[in-house]
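Protein chains in written order, with this note's numbering: chain V, -14 to 227; chain A, 83 to 262.
Virtual Cβ for every residue (Gly too), placed ideally from N, Cα, C.
Everything on this sheet refers to the single structure shown next.
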């Protein structure tokens, strides 16, 4: 079953899973957007503009980073190769465009993030599925009976661990009763995702290491977890004093 | 839950998380990558020794110290054909800097008689290797053609590109990164 899945969605077809997750996440987010006091059309535009900014920003920034190469081969700017892309630059561009659009439409910051949370949670599921299909985000070797053969070793199925965690996070957020504190959904998603990543990174075989073996992703996740918890407390305090 | 209790719980959570970070330190100092040969970015490229069209044997590990592009292709594959001239161009531009292309023909799934005329017609000068037994297709877990593996000087895989044709800019950016 797993082999069939991985064969069906072998790269570059694994991206279909991400696109499907974005579509599903947007559909689910639209169902609840009105409870955050946001118009559906404005919310859709926010998402579409951000996605467009992600796609264009990633390509444009890659071109600018390797300008001399593209001057010699200008048609490559329009190449369908998805590897001609700067993912971090794309994310930064998408966030910038989203923030600018949100400010122009006078969208409430925390409520908007809450409205986007189902999309983020579904996207996380899609990403883990695509990792499973492509064999990325792989685990370290193990002798455990549920190890998965991948890249010439029996490994922790970390893609499955992360998939299960992201499904639980989505279910918790989707099924919980809506509260009055704007920002709670988003901060909860952030804290849970950072926490699960912090725990599961220990089983990864592709960790980036710093300071004599410490996994850098765990350090980043710890700070994100701390920031989410602190931000939640600040919001609670502000609500009480308001 | 009261505010004080909640904050104590959060502090315990952060402390436990910090302890987990220290507990899960990778004492070996590296991830799996680089220790096991596998057709995946960061891993050691699976070694092979194949004959060229001229009958010469080329072994991948003999090229350690030079950046290499291993390109899996077949004469019947349209995107493979489309990118071969671009490969020839970048090969000629960078070969003096130590870069080489090893174009491995999937001969077990191709017409062996068609390979030489195909190469001659296009004036390709980089080494064309013949995978008669399908060993490279298996070792590199080929799922689609073309498949390209950019290999660093130390023998580890810098990037895997599945499908094509690869844009000239993609080739040049990756090669220049490996030549640094």
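Looking at the structure shown, is residue -9 of chain V part of a helix, part of a strand, or coil, going by DSSP? Residue -9 of chain V: helix per DSSP, three-state reduction.
Members of the region 196 to 219 of chain A near chain V, C-beta cut-off 7 angstroms: Listed in sequence order: no entries.
May I ask you to report which of helix, strand or coil DSSP gives residue 156 of chain A? Residue 156 of chain A: coil per DSSP, three-state reduction.
By the three-class DSSP mapping on this structure, what secondary structure does residue 190 of chain V have? In this structure, residue 190 of chain V counts as coil in the three-state DSSP scheme.
Are residue 179 of chain V and residue 111 of chain V touching if we call contact CB-CB under 8 angstroms? Not in contact: residue 179 of chain V and residue 111 of chain V (Cβ atoms no closer than 8 angstroms).
One or two residues paired with residue 189 of chain A in a DSSP bridge: According to DSSP, which records beta bridges pairwise, residue 189 of chain A is partnered with nothing at all.
Determine the extent of the beta strand (DSSP E) in which residue 131 of chain A is found, giving its start and end residues. Taken as a continuous stretch (DSSP letters only), the beta strand (DSSP E) holding residue 131 of chain A covers 131 to 133.
Taking Cβ positions only, does residue 157 of chain V come closer than 8 angstroms to chain A? Residue 157 of chain V does not count as touching chain A.
Using CA coordinates, which residue listed in V/12, V/96, V/226 and V/7 is at the minimum distance from residue 163 of chain V? For the residues V/12, V/96, V/226 and V/7, the minimum Cα distance to residue 163 of chain V belongs to V/96.
With three or more C-beta pairs closer than 8 angstroms as the rule, is the region 181 to 201 of chain A touching the region 153 to 166 of chain A? The region 153 to 166 of chain A, when compared against the region 181 to 201 of chain A, does touch it at the 8 angstroms Cβ threshold.
Rounded C-alpha distance that separates residue 12 of chain V from residue 187 of chain A: When rounded, the distance between both Cα atoms is 46 angstroms.
Along chain A, which residues have their Cβ under 8 angstroms away from the Cβ of residue 72 of chain V? Those within 8 angstroms of residue 72 of chain V in chain A number zero; the least Cβ separation is about 14 angstroms.
Going by other Cβ atoms of all chains shown within 10 Å of its Cβ, with 16 needed for buried, is residue 33 of chain V buried or exposed? Its Cβ having fewer than 16 others within 10 Å, residue 33 of chain V is exposed.
Counterpart residues of residue 232 of chain A in DSSP-defined beta bridges: For residue 232 of chain A, which the question treats as bridged, DSSP gives the partners A/151 and A/241.
Have a look at residue 117 of chain A and residue 169 of chain A and give me their C-alpha separation to the nearest angstrom. The alpha-carbon atoms of residue 117 of chain A and residue 169 of chain A are separated by roughly 30 angstroms.
In chain order, what residues of the same chain have a beta carbon less than 6 angstroms from the beta carbon of residue 56 of chain V, not counting five sequence neighbours either side? Excluding positions up to five away in sequence, the list is empty.
Please compile the residues from chain A whose C-beta is within a distance smaller than 9 angstroms of the C-beta of residue 209 of chain V. Near residue 209 of chain V there are no residues of chain A at all, since even the closest Cβ is about 11 angstroms away, more than 9 angstroms.
Measure the alpha-carbon distance for residue 86 of chain A versus residue 87 of chain V and round it to whole angstroms. Spanning the two alpha carbons is a distance of roughly 35 angstroms.
Between which two residues does the alpha helix (DSSP H) holding residue 154 of chain V run? Its alpha helix (DSSP H) spans residues 143 to 160.
Name the one or two DSSP bridge partners that residue 195 of chain V has. DSSP output for residue 195 of chain V lists V/199 as bridge partner(s).
Can you list, in chain order, the residues of its chain with a C-beta nearer than 7 angstroms to that of residue 221 of chain V? Leave out the 5 residues immediately preceding and following it. Closer than 7 angstroms at the Cβ level, and outside the excluded window around residue 221 of chain V, lie 166.
Would you kindly work out how many angstroms separate the C-alpha atoms of residue 98 of chain A and residue -12 of chain V, rounded to a whole number? Roughly 37 angstroms between the two C-alpha positions.
For chain A, check one thing: does any of its Cβ atoms lie closer than 8 angstroms to the Cβ of residue 200 of chain V? Yes, residue 200 of chain V lies at the interface with chain A (some Cβ there is under 8 angstroms from its Cβ).
Interface partners of residue 103 of chain A on chain V, CB under 8 angstroms: The contacting residues are 183, 199, 200, 203, 204 and 207.
Starting from residue 212 of chain A, follow the beta strand (DSSP E) in both directions and report where the run begins and ends. Bounds of the beta strand (DSSP E) holding residue 212 of chain A are 210 to 212.
In the DSSP assignment, what are the bridge partners of residue 140 of chain V? Residue pairing for residue 140 of chain V: DSSP places it in a beta bridge opposite V/126 and V/133.
Output needed for residue 40 of chain V: all residues of its chain with C-beta closer than 8 angstroms, excluding positions within five of it in sequence on either side, in chain order. These residues qualify, in order along the chain: 75.
Distance cutoff 8 angstroms, beta carbons only. Does residue 250 of chain A sit that close to anything in chain V? Taking 8 angstroms as the threshold, the shortest C-beta distance from residue 250 of chain A to chain V falls below it.
Please tell me whether residue 210 of chain V and residue 187 of chain V are closer than 8 angstroms, where the distance is taken between their beta carbons. At least 8 angstroms separates the beta-carbon of residue 210 of chain V from that of residue 187 of chain V.
Per DSSP, the bridge partner or partners of residue -4 of chain V: According to DSSP, which records beta bridges pairwise, residue -4 of chain V is partnered with nothing at all.
Determine the contact status of residue 149 of chain A and residue 180 of chain A, defining contact as a CB-CB distance below 8 angstroms. Yes, the Cβ-Cβ distance between residue 149 of chain A and residue 180 of chain A is below 8 angstroms.
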